[in-house]
Amino acid sequence: MKPKHALKEIEPLTQDKNAVTTKRFKKCYRVLSGHIKMLEKDNRRLRNKLRNRRD
Numbered sequence: 008m009k010p011k012h013a014l015k016e017i018e019p020l021t022q023d024k025n026a027v028t029t030k031r032f033k034k035c036y037r038v039l040s041g042h043i044k045m046l047e048k049d050n051r052r053l054r055n056k057l058r059n060r061r062d
């Protein structure tokens, strides 16, 4: 499972008040989602650089 899809599965747990959630769990979710967004942005930049070099 891709990290982005895993976060989508976990997100309802952070929003649901009846689920067993803690501040630590929510903090980990925020950190992971931020890290994944950063990696996606970096990968996009690298792909564009490679594409420009080939042209």
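Count along the sequence shown from 1, then add 7; that gives the number in this note's numbering. All residues carry an ideal CB built from backbone N, CA and C; glycine is no exception. Bear in mind that the values here come from a model prediction, so they are computed numbers and not experimental data.
Assuming residue i contacts residue j (C-beta within less than 8 Å), just tell me the rounded distance between them.
{"i": "LYS43", "j": "PRO10", "result": "The question names Lys, yet the displayed sequence has Ile at residue 43. Between PRO10 and ILE43 the Cβ distance is about 5 Å, and since that is below 8 Å, they are a contact."}
{"i": "LYS33", "j": "THR21", "result": "5 Å"}
{"i": "LEU57", "j": "SER40", "result": "26 Å between Cβ atoms; not a contact."}
- Task: Could I get the ranges of all uninterrupted alpha helix (DSSP H) runs contained in the segment 15-62, with 4 residues as the minimum, in chain order?
- Result: For the segment 15-62, whole alpha helix (DSSP H) runs of length 4 or above, ordered along the chain, are 30-61.
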